[in-house]
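Written out below as structure tokens is the structure these notes cover.
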Amino acid sequence: MFKFLYSPYPKTREAVQDLKRKLEDVKFKPSLAVFFLTEELIKNAEKFADLVRCNSVCMPIEGYITPESIWTRGCLALLSDVEYRLQVFRGTPDEVVDKMGRSKKGKFNILMYPLLYPKSRLQVLKGMIRLKRLYGKYESDPEYVLEKASEIYQNELIYPINKMLRPFRDAGVDAVSFNIFPLRMKYGHPIIAVNGRKVGRGVVVLNFRKGISGSYTDMLPERGKSFEETKEIIKNEFMLAEDVEVEKRGIAIGHINGMKLSDFLETKQIVLSKTDISTELKERKFFSASPYALGFISTKTYGFSGVGLLSYPLEIYPCLFDLDTFYSNAIFHAETVRGGIRRVESHLYDYIYAGNDVFAAIDHNIMLMYEEKIRSLLDIKEKYYGVFTSYPSYTSMNISRNYMSEIEKNILMNLTTTMSFIYTQL
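Take 562 as the starting number for the sequence shown in the numbering used here and just add one per residue.
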């Protein structure tokens, strides 16, 4: 069983008091509480954990949906009495993947983790210095440089999305992944907390043996049956789409059409940031969304996924997913979704139906694309709850169609316009 509670109060004290009153009306004893907290509230995760006498997980969101309204302040709480196991895995991506691979899994699983975690300014500055020195060897040995840069990015900052899902795919179980990358970033964020304690850089996993299931969709046409077919579909879908040749390895992107990223962006008349990343993270001006992207086509499935190009003068650019199974011929494009907000509504309508408690996780880029128009997502006949978060991803052995975002066998992810759903039978 699910029970949803929410409070639109933007301040911790008022939100906690409001939820405390509403908890008195809950008719069952929850075994798990998940608090989805907007920007200001996540700093005080321990106060929300204290509201319940069960395990709790707190994670940040950009906004949430209730049957009555869409909010960008306050919090949404999900209470459940379903049997589960809670695990936390820490370490580098390879270490975490190995630990998750050897761990017990549920028939259905939920992952929550910081996709990018800049722990401190010193850590970021040291990493930038190492990358700059490494780039000095690029012309003589680009493959070595990109391999080492990928190791730096993964060991220090990034959990690649597709890599995190592979242990669950390989075990033949279903998993929804919350890859948390807030629109505004700063040091020591994003915050995820278990029972009020901050996890830092780590992956929280909830395993469910029964009672909960999931599904997924993206808002792109189905992928093609060849590289050229998928490329043609994508070029018809996005604006300003053009072929580029990308030098890449792991999660590191080197030259694009023979140029480093900053020079490439300048040829497209895209203005670069005048301050460096470490300063913007300190001042909380680092904005993680971009209207421009590099799109890659999978050599395994001919699926497609893009990574946003942030306008910082980086010699070696990080990707948020492992690129080793993608073609080097990529597509530079600007984001758009043909059909507008109505297209988003139609996909929601296909997955939200009577007879279930439904929880939807919707890519927060949709909020940026449509702004006030997102209120039309309440026009769906069936009631549902949901959150806006960064590009929810999925793995399952039961994929219903040839999703464009199936970039590895049974792994579905894109860094824009994806939605995951979690169901429990009433």
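Note that beta-carbon positions come from the ideal geometry of N, C-alpha and C, so glycine has one too.
Quick caveat: nothing in here was measured; it's all calculated off a predicted structure.
For residue i: DSSP bridge partner residues
i, result
"residue 778", "980"
"residue 675", "741"
"residue 946", "920"
"residue 867", "856"
Enclosing beta strand (DSSP E) for residue i [first to last residue]
i, result
"residue 954", "954 to 956"
"residue 655", "Premise fails: residue 655 lies in the alpha helix (DSSP H), 654 to 663, not in any beta strand (DSSP E)."
"residue 735", "735 to 741"
"residue 969", "967 to 969"
"residue 990", "Examination of residue 990 is not possible in this model, given that the chain is present from 562 through 987 alone."
"residue 620", "616 to 621"
Exposure label - residue i; buried when at least 16 CB within 10 Å
i, result
"residue 610", "buried"
"residue 686", "exposed"
"residue 621", "buried"
"residue 740", "buried"
"residue 895", "exposed"
"residue 958", "exposed"
"residue 735", "buried"
"residue 641", "buried"
"residue 876", "buried"
"residue 777", "buried"
"residue 866", "buried"
"residue 628", "exposed"
"residue 890", "exposed"
"residue 945", "buried"
"residue 829", "exposed"
"residue 635", "buried"
"residue 605", "buried"
Distance, residue j Cα to residue i Cα
i, j, result
"residue 800", "residue 964", "20 Å"
"residue 859", "residue 571", "42 Å"
"residue 779", "residue 974", "8 Å"
"residue 893", "residue 580", "46 Å"
"residue 775", "residue 982", "5 Å"
"residue 602", "residue 596", "10 Å"
"residue 710", "residue 881", "13 Å"
"residue 956", "residue 984", "15 Å"
"residue 812", "residue 714", "8 Å"
"residue 960", "residue 966", "11 Å"
"residue 669", "residue 689", "39 Å"
"residue 987", "residue 661", "Confidence at residue 987 is low in this model, with a pLDDT of 42, below 50, so the placement of that residue is unreliable and no value is reported for it."
"residue 783", "residue 696", "38 Å"
"residue 932", "residue 659", "40 Å"
First and last residue of the uninterrupted alpha helix (DSSP H) at residue i
i, result
"residue 578", "573 to 584"
"residue 703", "703 to 717"
"residue 633", "Taken as a continuous stretch (DSSP letters only), residue 633 belongs to no alpha helix (DSSP H), as it is neither H nor E."
"residue 988", "An answer regarding residue 988 cannot be provided, because it is not within the stretch 562 to 987 covered by the chain."
"residue 731", "722 to 731"
"residue 909", "901 to 912"
"residue 824", "822 to 828"
"residue 790", "788 to 798"
"residue 608", "606 to 610"
Expected contact under 8 Å - CB spacing of residue i and residue j to nearest Å
i, j, result
"residue 587", "residue 769", "That belief does not hold up - the Cβ atoms of residue 587 and residue 769 are roughly 20 Å apart, past 8 Å."
"residue 623", "residue 925", "4 Å"
"residue 878", "residue 968", "Going by Cβ atoms, the distance from residue 878 to residue 968 rounds to 19 Å, so no, they are not a contact pair."
"residue 638", "residue 748", "That pair is no contact at about 27 Å."
Any non-hydrogen atom of the ligand FMN closer than 7 Å to residue i Cβ
i, result
"residue 660", "The ligand content of the structure shown is nil, which means the ligand FMN is not present either."
Any chain D beta carbon closer than 8 Å to residue i
i, result
"residue 763", "Looking for chain D here will not work: only one protein chain is present."
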